[in-house]
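Numbered by our numbering, the letters in the sequence shown go through residues 1 to 59 in order. Glycine is no exception: its CB is placed at the ideal position from the N, C-alpha and C atoms. All of these numbers come straight from a predicted model, not from anything done at the bench. Read the structure below first, then the notes.
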Amino acid sequence: MDEDREAVRKVFNLLSEETVLASGRLQAMVLNHADDEIWSGLEGAVLVEEWRNGKNWYL
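Here is the structure:
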């Protein structure tokens, strides 16, 4: 994993850790172009919707 991807992974890891520590009282919503290589395996990280490839996300 390159340096930029590793830095983004650290941000996602921090969000995961803090969300778990909050015991359900915190929800982190991230709008980012990071693919699942970055956040897969992190507790609580879930892909809800992928807004790419012409999807009308703004409607």
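In the displayed model, Trp39 falls within a helix according to three-state DSSP. Cα atoms of Leu26 and Val48: separation of roughly 17 Å, rounded to the nearest angstrom.
The C-beta separation of Leu42 from Phe12 comes to about 6 Å, placing the pair in contact by the 8 Å criterion. Look at Leu47 here: in three-state DSSP terms it is coil, with no helix or strand label. In the three-state reduction of the DSSP assignment, Asn13 falls in the helix class, which pools H, G and I.
Rounded to the nearest angstrom, the gap between the Cα atoms of Ser23 and Arg5 is 28 Å.
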